[in-house]
Amino acid sequence: MSWEQLTNHPPSPIQELEDALFREKGIRVLVKRDDLLCLPVEPGDRAFCGNKWRKMKYNVWEAKNKGAQTLVTFGGAFSNHVAAVAAAGRLFGFQTAAVLRGEPYFPLNPTLSFAERCGMQLAYLSREQYRHKEDQRLTFRSEAAQSLYILPEGGTNALAILGCAELAREILDEAQPDFCCVACGTGGTAAGLIAGFEGRVRTIGFPVLKGEFLFNQVLNLAGENGSPKASAWTLQTGYHFGGYAKWTPPLIDFIRYMEARFGLPLDPVYTGKLFFGVWDLMAKDYFSRGATICLVHTGGLQGVAGFKQRFPLAGL
Ligand SMILES: *Cc1c(COP(=O)(O)O)cnc(C)c1O
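Under the numbering used here, the letters of the sequence shown match residues 109 to 424, in that order.
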């Protein structure tokens, strides 16, 4: 797999959804199908996709340029980012290692068994040790550090934001939405969008975690690329469903409805919460008549199998 394949790809499609609700509210609803921007390692796997592709792109380039041999990262046992790093290693010729939060469970869940098939080395830290994970001395011997390329948990760094700014430019090339709605974990994807839109589209972030810390985080991340006007973005903090990877039966019902109604596959950790939030805001007339809304489908579908295994009774 080459750098060419990472850079010379057609833009991911933008799909317009049609529904009586949108006609009644006088709004247009577009979906940027970044979930279809995907480089599988195995037939049908969906790890190196969506915003994880965008965030990894320039990091892969940087790691190659620095002569790094191993990509190292951190995360939870179901992390889309860990899966994406494992896939990137296989696709672009790096060894990979992940430092995981918590005890190992066997058999490995679908995310980690995929990572292991990609050749990723898995190491586990107790939750207490994990809090100090960025202190590399704890984890890696320094003589090896030269050949390591370290990606933070969630993959957000300056190069990730550069990649996500390209997502904004693809959207501007094909549509002129008034609003761009995106799910937020670390806020890196939202920050890249805000930077890339340069004030021409209002970005609405939907945090999937509880807590107000994300507001400053996005501002700082976006601010490194020129400070965005306050009118350029906002967060909707009411759609985390209790916190990261937490869910409720109405969320699962909504995801099943979206699949049946529009053939749109969503995941329960990120995109399901985003779409639920946007539908709720539409019902409450948050968007004025004549508005065009573009939701970013950031991918995340690799996590669905693990969710089903972990919560078999959820009915997803
Ligand atoms: C990782 C992930 C996000 C969160 O991206 P951030 O840049 O950390 O905010 C959103 N959606 C999906 C599907 C993801 O996998």
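We put the beta carbon where it would ideally sit given N, CA and C, even for glycine. Computed from a predicted structure; not experimentally measured.
Asked: Compute the beta-carbon to beta-carbon distance between Ala223 and Ala196, rounded to the nearest angstrom, for a pair I have assumed lies under 8 angstroms.; Found: Rounded, the Cβ-Cβ distance is 11 angstroms, inconsistent with contact.
Asked: Quick one: grab the DSSP three-state call for Leu246.; Found: Below a pLDDT of 50, predicted positions are generally treated as unreliable, and Leu246, at 48, falls in that range; the measurement from the model is reported next regardless. Residue state, collapsed to three classes: helix.
Asked: Where Leu382 and Val404 are concerned, what is the direct C-alpha to C-alpha distance, given to the nearest angstrom?; Found: 9 angstroms
Asked: Label His102 either buried or exposed according to how many other C-beta atoms from any shown protein chain fall within 10 Å of its C-beta, with 16 as the threshold for buried.; Found: Nothing can be reported for residue 102, as the shown portion of the chain is limited to 109 through 424.
Asked: Would DSSP call Lys140 helix, strand or coil?; Found: strand
Asked: Would Gly414 pass as a contact of Pro218 if the rule is Cβ separation under 9 angstroms?; Found: yes
Asked: Confirm, please, whether the CB-CB distance from Ile135 to Thr311 is below 9 angstroms.; Found: no
Asked: Give the single residue among Gly296, Thr115, Leu220 and Ile258 whose Cα lies nearest to the Cα of Glu278.; Found: Thr115
Asked: Compare the Cα-Cα distances from His240 to each of Leu208, Pro212 and Leu216 and report the closest residue.; Found: Leu208
Asked: DSSP state of Ala206, grouped into three classes?; Found: strand
Asked: Just checking Val193 against ligand 1 - is the residue's beta carbon closer than 8 angstroms to any of the ligand's heavy atoms?; Found: no
Asked: Would you check whether ligand 1 has a heavy atom nearer than 8 angstroms to the C-beta of Asp153?; Found: no
Asked: Excluding the 5 residues flanking Lys416 on each side, which residues of the same chain have their C-beta closer than 8 angstroms to its C-beta?; Found: Ala422 and Leu424
Asked: Tell me whether Phe321 is buried or exposed, calling it buried when 16 or more other Cβ atoms sit within 10 Å of its Cβ.; Found: exposed
Asked: Rounded to whole angstroms, what's the CA-CA distance from Ala283 to Cys289? Just pull it up for me.; Found: 14 angstroms
Asked: Keeping to the same chain, check which residues put their C-beta closer than 8 angstroms to that of Ser221; ignore five residues upstream and five downstream.; Found: Pro215
Asked: Using the three-state DSSP reduction, which class does Arg310 fall into: helix, strand or coil?; Found: strand
Asked: Taking only three categories from DSSP, how would you classify Glu274?; Found: helix
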